[in-house]
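>
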Amino acid sequence: MSISKRLETIADLVTPGYRASDIGTDHGYVPIYLLRNHICDHVIAADLSKGSLEKASHNITRAGLSECIECRLSDGLSEICPGEVDSIIISGMGGILMDRILRNGLEVVKAAKELILSPHRNPELIEAFAEEFGFAVVYDEVILDKKKYYHIYKITINE
Ligand SMILES: C[S@@+](CC[C@H](N)C(=O)[O-])C[C@H]1O[C@@H](n2cnc3c(N)ncnc32)[C@H](O)[C@@H]1O
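Using numbering that gives the first Met the number 0, read the sequence shown as starting at 0 and increasing by one per residue.
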């Protein structure tokens, strides 16, 4: 399985050894990449949609990684406990939804160490969110993948 330049860039920003969660995982490609490339030992693949989670679960089982990737039905960060994950990945949705997920899950965000975020629209909301809470934007790039531009941020918490 090869993943897109966008998803590879996102996954490579995760700090090795961190416990990660991919929120809105859909196909589960990021968690699979994180395990296959020995970046993480355990990842939570979360999604609001049962259909998406079934897709992720199917791909994870085919990759032989069911032991290390937990599929969890979750609206944003609602089913993640504070302190359960170090790295929160959210990509492939708009900045408005992403901002809402982060604010609704603020306890989980504050207990984590980093956010890897790639909003499809309204990236300024992510920058404003980081500034409001005093989180440091340590990576801020726009990449070109298959003729489309994508904003990608890495934000560190509590450093
Ligand atoms: C376009 S896909 C992006 C998949 C992958 N993250 C990527 O970047 O390619 C968006 C996914 O986010 C999920 N989603 C939408 N709202 C969500 C929410 N509130 N909580 C969790 N997942 C959500 C959808 O079900 C869908 O699977």
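Backbone N, C-alpha and C define an ideal beta-carbon position, used for all residues, glycine too.
1) For I200, is the beta carbon positioned less than 7 Å from some heavy atom of ligand 1?
2) Unbroken beta strand (DSSP E) runs of length 3 or more, entirely within the stretch 98-137: which are they?
3) Where DSSP assigns a beta bridge to S86, which residues make up the other side?
4) Can you tell me where the beta strand (DSSP E) with D11 in it begins and where it stops?
5) Take E140 and list the residues in its own chain whose beta-carbon comes closer than 6 Å to its own, dropping the five residues that flank it on each side.
6) Scan the stretch 41-73 and note each continuous alpha helix (DSSP H) run of 4 residues or more that stays entirely inside, going in chain order.
7) Are there any heavy atoms of ligand 1 lying less than 7 Å away from the beta-carbon of D19, as far as the coordinates show?
8) Can you give the Cα-Cα distance for V13 and L114, rounded to whole angstroms?
9) Please return the same chain residues whose Cβ sits closer than 6 Å to the Cβ of C70, not counting the five positions on each side in sequence.
10) Quick one: what does DSSP say I156 is sitting in, helix, strand or coil?
11) For V42, count the other beta carbons within 10 Å of its own beta carbon; 16 or more makes it buried, fewer makes it exposed. Which is it?
12) Using 8 Å as the threshold, is the stretch 78-97 in touch with the stretch 59-69, meaning 3 or more CB pairs across them?
So, from the listed chains and residues:
1) Since the displayed the chain opens at 0 and closes at 158, residue 200 lies outside it and no answer follows.
2) 113-118
3) Answer by DSSP bridge pairing, in chain order: A19, E113.
4) No beta strand (DSSP E) holds D11; the alpha helix (DSSP H) holding it covers 4-11.
5) I151
6) 49-61
7) Going by the sequence as given, residue 19 is Ala instead of Asp. Incorrect: A19 has no Cβ contact closer than 7 Å to ligand 1.
8) 9 Å
9) Here C70 has A44, L52, A55, S56 as same chain residues with Cβ atoms under 6 Å from its own Cβ, once five neighbours each way along the sequence are excluded.
10) Three-state DSSP puts I156 in coil, outside helix and strand.
11) buried
12) no
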